[in-house]
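Structure first, commentary second.
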Amino acid sequence: MANRPDGDVWNIVDNDKNSQHYGRNFKLDFAYISSEEIKDVVKDYVWQNYRVGNQTLSSLRTVKLDSFRYIDAFMVANRMKSFVEWDNNYVDDFVSYLKTVLAFQRHTQLSYHSQKSILDTLKSIIYWCQLHRPNDVPATEIFTGNEYTGVNRKLKIDFIPDDVVAQINEALRTEENPYLKYGIIILQSTGMRIGDLLKLRIDCIKPHLISGYTIEWFQHKGRKNKAPMPVRSECVAAIDKLIEITSGLREEADEKDKDTLMIWRAKGGKKADQVYVPTERAFMYWLDDFIKDHDIKDANGDYYNLTSHQFRRTLGTDMLSKGTNLNVIQEALGHSDPSVTKRFYADVKDKERAEVFKNVGIIGNINQIQSSAFDNPSEFEWFKANKDKGACMCDGYCTKPVVDGNICERLLKRQKCYTCSRYITTPEYLEAHKQHLANLERQLEEGAIYGEHYAEHFIPTIEVLKVIIKRLEELQNVN
Numbered sequence: 000m001a002n003r004p005d006g007d008v009w010n011i012v013d014n015d016k017n018s019q020h021y022g023r024n025f026k027l028d029f030a031y032i033s034s035e036e037i038k039d040v041v042k043d044y045v046w047q048n049y050r051v052g053n054q055t056l057s058s059l060r061t062v063k064l065d066s067f068r069y070i071d072a073f074m075v076a077n078r079m080k081s082f083v084e085w086d087n088n089y090v091d092d093f094v095s096y097l098k099t100v101l102a103f104q105r106h107t108q109l110s111y112h113s114q115k116s117i118l119d120t121l122k123s124i125i126y127w128c129q130l131h132r133p134n135d136v137p138a139t140e141i142f143t144g145n146e147y148t149g150v151n152r153k154l155k156i157d158f159i160p161d162d163v164v165a166q167i168n169e170a171l172r173t174e175e176n177p178y179l180k181y182g183i184i185i186l187q188s189t190g191m192r193i194g195d196l197l198k199l200r201i202d203c204i205k206p207h208l209i210s211g212y213t214i215e216w217f218q219h220k221g222r223k224n225k226a227p228m229p230v231r232s233e234c235v236a237a238i239d240k241l242i243e244i245t246s247g248l249r250e251e252a253d254e255k256d257k258d259t260l261m262i263w264r265a266k267g268g269k270k271a272d273q274v275y276v277p278t279e280r281a282f283m284y285w286l287d288d289f290i291k292d293h294d295i296k297d298a299n300g301d302y303y304n305l306t307s308h309q310f311r312r313t314l315g316t317d318m319l320s321k322g323t324n325l326n327v328i329q330e331a332l333g334h335s336d337p338s339v340t341k342r343f344y345a346d347v348k349d350k351e352r353a354e355v356f357k358n359v360g361i362i363g364n365i366n367q368i369q370s371s372a373f374d375n376p377s378e379f380e381w382f383k384a385n386k387d388k389g390a391c392m393c394d395g396y397c398t399k400p401v402v403d404g405n406i407c408e409r410l411l412k413r414q415k416c417y418t419c420s421r422y423i424t425t426p427e428y429l430e431a432h433k434q435h436l437a438n439l440e441r442q443l444e445e446g447a448i449y450g451e452h453y454a455e456h457f458i459p460t461i462e463v464l465k466v467i468i469k470r471l472e473e474l475q476n477v478n
């Protein structure tokens, strides 16, 4: 199909044999877009990106068209008839709109990730048009690049903590869903993406030339085969079990799925009793049930929020923690560039470090601090009266310097206040933090001859200071 389809509803079959959704019909519905001019631009954007292979049908429908509903609603509310009308003020208003609007289907507040994804859709369309349809969009830059930078959010540590890994592995002993049980073992061993796991072939295991086995699979995101990867015996056994469990289902499966490892018979719903490959959403639901059924909780006593991608992050982080070369990890995870590996994977798997980052207190204006930062109203009132006196430190504020009539020992000794949940700092102290970091790094360099034990006294504080400085700079840029 060389020409753009007619009408507002397109039905396009994914004919890419390397796609996770090969053979699936995608319904692309543009009917909701109010302005015909805007609709024409969006249709052109979707069609051209699909035709040249820049984006998959799945991404164009589930990411771009679903996200555009919010863009269209905002433009309707502001009586905007074309993309040309967008400017930086409208972008600011749109960001505010995303923070308050409820999700169309769930009727809950949009998550930070969803808000960013929606704005990214707008950026993608605007930037594409600047190259291909320049007369339909603003000629000047309307985005600052700082719309969503993670300011005032907890630093996210994506690897699974060791205590949770232990709970997961113990629970696998009694888990009755074989697809989840053996799927988790494969994810832990290989770090593959969930889409690749669900499309894994029954001939993926090959004998190693010297000893043991290797595993091979097609990486759908990069559209290339994964180089043979040595694999543990537990993973080989898990795959053998899945082959055994699914052997009786293969005759009933579609021709394209007959050699797929994870085929199952649906027990309910619209596809009850049909044999097909489970979806990513189904696996997500299995993970949720797994956590609750086995009472797997985090350090705070809450159910652990487990995702399939965290097994990938955990494998990469484990390898880094053991000193594995970054290029080796890049190859193992199938990243296009080692900078991707370094940017998205923690450099040390350290439970204490993760907890430290959670306690870093950042606020734009100390006068805007909320009562939720205090244990009781009297402490809040005391702080408001003393924030310029007893609560003020050389590089921040202490929200509770006195405990049971005694001044906090950490405050007196000035040791690691950065990691205390009662410590708060603001942009006015940015230079003080930079100076302190420079002094510590100089001491670390000068004291290198004393070995690792000397360095251990400085490195934790240096790491926290880097996080504080980065977040204060982001906050300062926004302001």
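So for the sequence shown, numbering that gives the first Met the number 0 puts the first residue at 0; every next one is plus one. For every residue, glycine included, the Cβ atom is placed at its ideal position computed from N, Cα and C.
Query	Result
Report the partner residues of residue 28 according to the DSSP bridge assignment.	8
Is it the case that the Cβ atoms of residue 241 and residue 284 are separated by a distance below 7 Å?	no
Do residue 17 and residue 222 have their C-beta atoms within less than 7 Å of each other?	yes
Can you find at least 3 beta carbon pairs, one from the segment 68–80 and one from the segment 18–34, that sit closer than 8 Å?	yes
Can the beta-carbon of residue 146 be found closer than 7 Å to that of residue 118?	yes
Enumerate, from N- to C-terminal direction, the unbroken beta strand (DSSP E) stretches of 3 or more residues contained entirely within the segment 176–233.	204–206, 212–214 and 228–230
If you compare alpha carbons, which of 11, 29 and 28 is closest to residue 21?	11
Any idea which residues DSSP pairs residue 83 with across the strands?	Residue 83 pairs with nothing; no bridge assigned.
Can you tell me which of 287, 293, 314 and 318 puts its alpha carbon nearest to the alpha carbon of residue 305?	287
I'd like to confirm the pairing. Which residues does DSSP put opposite residue 44 in its beta bridges?	Note: residue 44 sits in no beta bridge, so no partner.
Quick check on the burial criterion: 16 or more other C-beta atoms within 10 angstroms. Buried or exposed for residue 400?	buried
Return the residue from the list 374, 98, 383 and 378 that minimises the CA-CA distance to residue 364.	383
In the DSSP assignment, what residue or residues form a beta bridge with residue 422?	397
Who pairs with residue 391 in a beta bridge, going by DSSP?	396
Count the other CB atoms, across all protein chains shown, that sit within 10 Å of the CB of residue 130; report buried if there are 16 or more and exposed otherwise.	exposed
Can you give me the C-alpha to C-alpha distance between residue 88 and residue 434, rounded to a whole angstrom?	36 Å
Any idea what DSSP makes of residue 296, helix, strand or coil?	strand
Classify residue 188: buried if its beta carbon has 16 or more other beta carbons within 10 angstroms, exposed otherwise.	buried
Between 210, 199, 217 and 266, which has its C-alpha nearest residue 239's C-alpha?	199
Would you report the Cα separation of residue 165 and residue 300, rounded to the nearest angstrom?	15 Å
Alpha carbon to alpha carbon, what distance is there between residue 237 and residue 191?	15 Å
Smallest Cα separation from residue 250: which of 172, 381 and 275?	275
Nearest CA to the CA of residue 428: which residue from 392, 407 and 461?	392
Going by the CB atoms, is the gap between residue 219 and residue 195 shorter than 7 Å?	yes
What does the alpha-carbon distance come out to for the pair residue 202 and residue 55?	27 Å
Secondary structure at residue 99, three-state DSSP: helix, strand or coil?	helix
For residue 390, is the classification buried or exposed, using 16 other Cβ atoms within 10 angstroms of its Cβ as the cut-off for buried?	buried
Can you have a look at residue 247 and say buried or exposed, based on whether 16 or more other CB atoms are within 10 angstroms of its CB?	exposed
Can you give the beta carbon distance from residue 171 to residue 185, rounded, assuming they're within the 8 Å contact cut?	Rounded, the Cβ-Cβ distance is 12 Å, inconsistent with contact.
In this structure, how does DSSP classify residue 163 when only helix, strand and coil are distinguished?	helix
Check for me: the alpha helix (DSSP H) holding residue 75 runs from which residue to which?	65–76
Using the DSSP secondary-structure output, state which residues sit across from residue 264 in a beta bridge.	274
Nearest by alpha-carbon distance to residue 92: which of 114, 104, 105 and 265 is it?	114
Compute the beta-carbon to beta-carbon distance between residue 205 and residue 227, rounded to the nearest angstrom, for a pair I have assumed lies under 8 Å.	6 Å
In whole angstroms, what is the alpha-carbon distance linking residue 469 and residue 77?	35 Å
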